[in-house]
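These notes are about the structure you will find just below.
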Amino acid sequence: MRLSPVSRENPDTKILPVFVFDIGGVVIKWRNSGQIYRYIAQRYRLPIHPLTGALAPEVRRLESGDGDADECVERVLAGFGRRLIAGDSGGLLLAQPFKEKARLRKGVVQIITKLRREGYRVYALSNTCLPHLKVMRENGWPHLFDGFFTSCELGAVKPHRDAYLAVLGAVGAEPSQTVFVDDREENVIGAKLAGIRWPIHYTSIERLKQDIERILEVTTHSE
Numbered sequence: 001m002r003l004s005p006v007s008r009e010n011p012d013t014k015i016l017p018v019f020v021f022d023i024g025g026v027v028i029k030w031r032n033s034g035q036i037y038r039y040i041a042q043r044y045r046l047p048i049h050p051l052t053g054a055l056a057p058e059v060r061r062l063e064s065g066d067g068d069a070d071e072c073v074e075r076v077l078a079g080f081g082r083r084l085i086a087g088d089s090g091g092l093l094l095a096q097p098f099k100e101k102a103r104l105r106k107g108v109v110q111i112i113t114k115l116r117r118e119g120y121r122v123y124a125l126s127n128t129c130l131p132h133l134k135v136m137r138e139n140g141w142p143h144l145f146d147g148f149f150t151s152c153e154l155g156a157v158k159p160h161r162d163a164y165l166a167v168l169g170a171v172g173a174e175p176s177q178t179v180f181v182d183d184r185e186e187n188v189i190g191a192k193l194a195g196i197r198w199p200i201h202y203t204s205i206e207r208l209k210q211d212i213e214r215i216l217e218v219t220t221h222s223e
């Protein structure tokens, strides 16, 4: 991927694109919470579909920063007549599958590293819960970015416009200068509705490279 380096001599002569990347499904190989539900269902010998129906809304609440992971999982298990196995906790049950299976997508990490090396600011915005955020911090993934933002800390979940605007407000970027990358179409649409100029629907590393090259070519030639 060929990037246009940022001018170090006159940094104020042009407004540079700011990049915001989703984490799960883009930067890491982890698409949804189904793996969590299957893990808990197998461990506690519960039917997967009823468990998913009961646990999914609780996980969504946790992603918005509302509630306690231990209490949420205990409450759901109690609804099926189950109690926590000795040594388990709600947070651990949510985190373990993520810890075991989530892995960095090296090609995307290379893109992020190159963007930052060339002087572009790159941030993360992830819908996630606190147990998963702890795993990300343990792995050092936030250090890949200039700033790392999560729904559970912001109190706003994509695709709600408040999530996007909270990040842009925190980093001093305008929607009109922002590139947003997400693998979920609804989040890409949400970014567009929030005024973000370049929403990218992630489908592959090669397509992402092409999309970014196209955007940088346009912004370079427009200066």
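The C-terminal position of the sequence shown is numbered 223 in full-length UniProt numbering, with every residue numbered one higher than the one before it.
The beta carbon of each residue, even a glycine, is placed where N, CA and C say it ideally should be.
No experiment lies behind these values; they were computed from the predicted model shown.
- Message: Applying the 10 Å Cβ sphere with the 16-neighbour rule, what's the burial state of N187?
- Response: buried
- Query: How would you write the range of the alpha helix (DSSP H) that G190 sits in, first residue to last?
  - Reply: E185 to L193
- Query: With a CB to CB cut of under 6 angstroms and the five nearest residues on each side skipped, what residues in its chain are close to F149?
  - Reply: Result list for F149: L125 and V167, in chain order.
- Going by C-alpha distance, which of R197, T128 and K192 is nearest W30? T128
- Query: Residues in its own chain within less than 6 angstroms of K158 by CB, not counting five upstream and five downstream?
  - Reply: N127, N187 and G190
- Task: Note the first and the last residue of the continuous beta strand (DSSP E) segment covering A124.
- Result: Taken as a continuous stretch (DSSP letters only), the beta strand (DSSP E) holding A124 covers V122 to S126.
- Task: Evaluate I48 with the Cβ neighbour count: other Cβ atoms within 10 Å of its Cβ, from every protein chain shown; 16 or more gives buried, anything less gives exposed.
- Result: exposed
- Task: Could you round the C-beta distance between V76 and E58 to whole angstroms and report it? I think they count as a contact, below 8 angstroms.
- Result: 6 angstroms
- Would L208 be called buried (16 or more neighbouring beta carbons within 10 Å of its own) or exposed? buried
- Query: Pick from T178, A86 and F145: whose alpha carbon is nearest that of I23?
  - Reply: F145
- Message: Give the list of continuous alpha helix (DSSP H) stretches no shorter than 4 residues that lie fully inside the region 2-78.
- Response: Counting only runs of 4 or more, we get 34-43 and 48-63.
- Message: Excluding the 5 residues flanking G155 on each side, which residues of the same chain have their C-beta closer than 7 angstroms to its C-beta?
- Response: S64 and G65
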